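**Student:**
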Amino acid sequence: MSHITANFNGLKNTLFALVDKGASGTLFVATEDNHAAQIVLFKGRLQGAACNGCCNVAAFDRLATMAELRFAFTPELIYPVADTLLPEQGDQLLQQLGYVLPVKMLEDDAGCDLLGPAAQPQQTLRVYRGRVITG
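In structure tokens form, the structure reads like this:
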């Protein structure tokens, strides 16, 4: 993706489109006062955001105050963030930004058993000092 210049709503729309695609990578953002921000996605889930020493909610709050943002998405580059979000926390933060979670993601988070009940093992495997014990 090439560099895009937009306001915070344009950044949110780009972020939401990347989440919908299930993208993994980092959205690099430059603010109007030339500070850097990173928004990290993994398989369409928000992993975290950092902006000028702030993380996650505070980072998005800071970006929201900027009139002009320049940003580009780098796929497959997972930038390390100081405060990594759990999947539920990332979904909550996206919802606070105005994203509507797809039904599939809501069912996954609700603990729905999508694969059915787990089969009971026929035999218990026992290992002692690196050797399999039968019986």
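Going by the working numbering, the sequence shown opens with residue 3, and the numbers climb by one from there. Ideal Cβ placement from N, Cα and C applies to all residues, glycine included. In this text the structure is predicted, and so the values were computed from the model without any measurement.
Alpha carbons only, please: which of A25, K23 and V31 is nearest the one belonging to G12?
**Tutor:** Against the sequence shown, residue 12 aligns to sequence position 10. Answer by Cα proximity: V31.
**Student:** Let's see if you can read the secondary structure: which residues bound the alpha helix (DSSP H) around V102?
**Tutor:** The count along the sequence shown starts at 1 and reaches residue 102 at position 100. Looking at the DSSP string, V102 is not in any alpha helix (DSSP H), and its letter there is neither H nor E.
**Student:** Can you look up L116 in the DSSP assignment and give me helix, strand or coil?
**Tutor:** Your numbering for residue 116 matches position 114 in the sequence shown. Its pLDDT being 49, under 50, L116 is placed unreliably in this model, and the coordinates cannot settle the point.
**Student:** What does a CB cutoff of less than 7 Å around L17 pick up in its chain, not counting 5 residues either side in sequence?
**Tutor:** Position 15 of the sequence shown, counting from 1, holds the residue named residue 17. Closer than 7 Å at the Cβ level, and outside the excluded window around L17, lie L29 and I41.
**Student:** Could you work out which residue in H37, F44, R128 and P104 is closest to F75 when comparing CA atoms only?
**Tutor:** One-based indexing of the sequence shown puts residue 75 at position 73. Of the listed residues, the one whose Cα sits closest to F75 is F44.
**Student:** In the DSSP assignment, find the unbroken beta strand (DSSP E) run with R131 in it and report its ends.
**Tutor:** Working through the sequence shown from its first residue, we reach residue 131 at position 129. No beta strand (DSSP E) contains R131, which DSSP labels as neither H nor E.
**Student:** Use the C-beta contact count for G50: other C-beta atoms within 10 angstroms, 16 or more gives buried, fewer gives exposed.
**Tutor:** Position 48 of the sequence shown, counted from the start, is the residue given in the question as residue 50. So G50 ends up on the buried side.
**Student:** Can the beta-carbon of A69 be found less than 8 Å from the beta-carbon of N9?
**Tutor:** Taking the sequence shown and counting its residues from 1, the one referred to as residue 69 is at position 67. Taking the sequence shown and counting its residues from 1, the one referred to as residue 9 is at position 7. Against a cut-off of 8 Å, the Cβ pair of N9 and A69 comes out as a contact.
**Student:** Using a Cβ-Cβ cut-off of 8 Å (strictly less than) and excluding sequence neighbours within five positions of I80, which residues of its own chain qualify?
**Tutor:** Looking up residue 80 in the sequence shown gives position 78. Taken in chain order, the residues that qualify are S26, G27, T28, V42, F44 and Q49.
**Student:** Quick one: what does DSSP say L88 is sitting in, helix, strand or coil?
**Tutor:** Counted from its first residue, the sequence shown places residue 88 at position 86. It is coil, neither helix nor strand.
**Student:** Bridge partners for V31 per DSSP, in chain order?
**Tutor:** In the sequence shown, the residue the question calls residue 31 occupies position 29. According to DSSP, which records beta bridges pairwise, V31 is partnered with A39 and F73.
**Student:** Assuming R47 contacts G92 (C-beta within less than 8 Å), just tell me the rounded distance between them.
**Tutor:** Your numbering for residue 47 matches position 45 in the sequence shown. Your numbering for residue 92 matches position 90 in the sequence shown. Going by Cβ atoms, the distance from R47 to G92 rounds to 5 Å, so yes, they are a contact pair.
**Student:** Quick one, are the C-beta atoms of L71 and T33 less than 8 Å apart?
**Tutor:** To locate residue 71, count along the sequence shown from 1; it is residue 69. To locate residue 33, count along the sequence shown from 1; it is residue 31. Yes.
**Student:** Assuming the contact rule is C-beta atoms closer than 8 Å, L87 and F62 should be a hit. Round their C-beta distance to whole Å, please.
**Tutor:** Translated into positions along the sequence shown, residue 87 becomes position 85. Translated into positions along the sequence shown, residue 62 becomes position 60. 12 Å between Cβ atoms; not a contact.
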